[in-house]
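*Asks:* I have a structure I would like to understand better, so I am pasting it below and will then ask my questions one at a time.
Protein chains: 2
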Amino acid sequence: MALEIERKFLVDRDLWRPRHDGTFYRQGYLSRAEDRVVRVRALAGRAAFLTIKGRSAGLSRIELEYPIPVEDAELMLDRLCERPLIEKTRYEETVGGRLWTVDVFQGENDGLILAEIELSSESESFERPAWLGREVSDDPRYFNSELSKQPFGYWKTP
Amino acid sequence: MALEIERKFLVDRDLWRPRHDGTFYRQGYLSRAEDRVVRVRALAGRAAFLTIKGRSAGLSRIELEYPIPVEDAELMLDRLCERPLIEKTRYEETVGGRLWTVDVFQGENDGLILAEIELSSESESFERPAWLGREVSDDPRYFNSELSKQPFGYWKTP
Chain A
51 MALEIERKFL VDRDLWRPRH DGTFYRQGYL SRAEDRVVRV RALAGRAAFL TIKGRSAGLS
111 RIELEYPIPV EDAELMLDRL CERPLIEKTR YEETVGGRLW TVDVFQGEND GLILAEIELS
171 SESESFERPA WLGREVSDDP RYFNSELSKQ PFGYWKTP
Chain B
51 MALEIERKFL VDRDLWRPRH DGTFYRQGYL SRAEDRVVRV RALAGRAAFL TIKGRSAGLS
111 RIELEYPIPV EDAELMLDRL CERPLIEKTR YEETVGGRLW TVDVFQGEND GLILAEIELS
171 SESESFERPA WLGREVSDDP RYFNSELSKQ PFGYWKTP
């Protein structure tokens, strides 16, 4: 069991450019309930994980993750997960000694770029990269599980 | 991936008696949707599994199962799974060279006993034990995921 503290931000498309290759993520949900998210994720067809997340409490939530065979993940993505799937390319950026993950969404969430940082406490400080936009940690529309229900491409006001 | 063919029957409480010790099962659901059941199961606190099942197609369905740490299962059962949990003692019986699993339900499903046999095809024959009652393979009320929503104790007509 782990308590995960993540802060999530929009990214300025004009200022951010990938500095390394990214990894293609294909993911879907067996449950998108707010209290119990069950996610299937395949990384570039090379590794796969089943992840269970509880309800967010502030910036913290229970998260459990298990590696699974890639062929199991592909079967669940193809035949069991709710539609639409989430497709995105994940990049990693180090800024001020800290790791950011930057997700460039594709498919029905095309146009959306999100950056996340993991912290050890909710009050921990960090350097803000130049490309960092508005914080959306508390906006449930930006949860991947919600982006699978209501993709960004269909929003009227981001 | 495995396709599982199971037939399920009621058990005559007056004729069936356990011949060996049983194992206490505590299980709950992260998803009870008909298309994608996600089950957490702890066996007597000694082993635990996360299981994903697809929609039943006749007597067949997709089933994927992963062993997980018992403490993860207990955390999910205590804090994430839908209520009520399923509690039952599972016994194994060999009849005519075939293995039956007999589940004696407790808690909100007290009074219900179900027997299951796994077959390699839908038409495979088998010896019927004397204690075997009516077949309920096709009755969704007897799915454990449904017994967690509508426990047997609250039914008007079994």
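Chains A and B, in that order, give the protein sequences.
So for the first sequence, the numbering used here puts the first residue at 51; every next one is plus one.
So for the second sequence, the numbering used here puts the first residue at 51; every next one is plus one.
C-beta atoms are modelled at their ideal positions from N, C-alpha and C, and glycine is treated no differently.
Residue 51 of chain B CB to nearest chain A CB: under 8 Å?
*Replies:* Within the second sequence, numbered from 1, the residue matching residue 51 of chain B stands at position 1. Low confidence applies to residue 51 of chain B: its pLDDT is 45, below 50, so where it sits in the model is not reliable, and the reading given next is rough at best. Closer than 8 Å to some Cβ of chain A, the Cβ of residue 51 of chain B qualifies, so yes.
*Asks:* Use the C-beta contact count for residue 71 of chain A: other C-beta atoms within 10 angstroms, 16 or more gives buried, fewer gives exposed.
*Replies:* On the first sequence, position 21 is the one that residue 71 of chain A refers to. So residue 71 of chain A ends up on the exposed side.
*Asks:* By the three-class DSSP mapping on this structure, what secondary structure does residue 162 of chain A have?
*Replies:* The count along the first sequence starts at 1 and reaches residue 162 of chain A at position 112. Note: residue 162 of chain A maps to coil in three-state DSSP.
*Asks:* Tell me the DSSP secondary structure of residue 186 of chain A in three-state form.
*Replies:* In the first sequence, the residue the question calls residue 186 of chain A occupies position 136. If DSSP states are grouped into helix, strand and coil, residue 186 of chain A belongs with coil.
*Asks:* Who are the near neighbours of residue 51 of chain A in its chain, counting only those whose CB is closer than 7 Å to its CB and skipping five residues on each side?
*Replies:* Position 1 of the first sequence, counted from the first residue, corresponds to residue 51 of chain A. Interpretation of residue 51 of chain A is limited by its pLDDT of 45, a score under 50 that renders its predicted location unreliable; no figure is taken from the coordinates.
*Asks:* Please classify residue 202 of chain A: does DSSP put it in a helix, a strand, or coil?
*Replies:* On the first sequence, position 152 is the one that residue 202 of chain A refers to. It is helical.
*Asks:* Just the chain B side, please: which residues come within less than 8 Å of residue 129 of chain A by C-beta, in chain order?
*Replies:* If you number the first sequence from 1, residue 129 of chain A lands on position 79. Per Cβ cutoff of 8 Å: 104, 112.
*Asks:* With a 10 Å radius around its C-beta and 16 neighbouring C-beta atoms as the bar for buried, classify residue 138 of chain A as buried or exposed.
*Replies:* Numbered from its first residue, the first sequence carries residue 138 of chain A at position 88. The residue in question, residue 138 of chain A, is buried, as its Cβ has 16 or more Cβ neighbours within 10 Å.
*Asks:* Using the beta-carbon count (16 or more within 10 Å), is residue 65 of chain A buried or exposed?
*Replies:* What you label residue 65 of chain A is simply residue 15 of the first sequence in a count that begins at 1. When all chains shown are included, residue 65 of chain A counts as exposed.
*Asks:* Using a Cβ cut-off of 8 Å, pull out every chain B residue sitting near residue 133 of chain A, in sequence order please.
*Replies:* Locating residue 133 of chain A in the first sequence gives position 83, where the first residue counts as 1. The contacting residues do not exist; residue 133 of chain A stays about 11 Å from chain B at best.
*Asks:* On the CB-based measure, 16 or more other CB atoms within 10 Å of its CB, does residue 150 of chain B come out buried or exposed?
*Replies:* Indexing the second sequence from 1 puts residue 150 of chain B at position 100. Residue 150 of chain B should be labelled buried.
*Asks:* So, with DSSP's three-state summary, where would you put residue 51 of chain B?
*Replies:* Here the question's residue 51 of chain B lines up with position 1 in the second sequence. Only weak support is given to the placement of residue 51 of chain B: the predicted model assigns it a pLDDT of 45, under 50, and the value that follows is read from those uncertain coordinates. In the structure shown, residue 51 of chain B sits in coil (DSSP, three-state: anything other than H, G, I, E or B).
*Asks:* Quick check: is the beta carbon of residue 81 of chain B nearer than 8 Å to any beta carbon in chain A?
*Replies:* In the second sequence, residue 81 of chain B corresponds to position 31, counting from 1. Closer than 8 Å: yes.
*Asks:* In the structure shown, what three-state DSSP assignment does residue 226 of chain A receive?
*Replies:* Because residue 226 of chain A is not part of the residues shown, which for chain A are 51 to 208, the question remains open.
*Asks:* Which residues in the same chain have their Cβ closer than 8 Å to the Cβ of residue 186 of chain A, if we skip the five residues on either side of it in sequence?
*Replies:* The sequence position of residue 186 of chain A within the first sequence is 136, counting from 1. 58, 59, 60, 164, 192.
*Asks:* Contact defined as beta carbons within less than 8 Å: I believe residue 84 of chain A pairs with residue 105 of chain A. What is the distance between those atoms, to the nearest angstrom?
*Replies:* In the first sequence, counting from the first residue as 1, residue 84 of chain A sits at position 34. In the first sequence, counting from the first residue as 1, residue 105 of chain A sits at position 55. Indeed, because the Cβ distance is near 6 Å, the residues count as touching under 8 Å.
*Asks:* Straight-line CA distance for residue 152 of chain B to residue 80 of chain B?
*Replies:* Here residue 152 of chain B refers to the residue found at position 102 when the second sequence is read from its first residue. Here residue 80 of chain B refers to the residue found at position 30 when the second sequence is read from its first residue. Whole-angstrom Cα-Cα distance: 24 Å.
*Asks:* Quick one: grab the DSSP three-state call for residue 62 of chain B.
*Replies:* Position 12 of the second sequence, counting from 1, holds the residue named residue 62 of chain B. Coil at residue 62 of chain B, not helix or strand.
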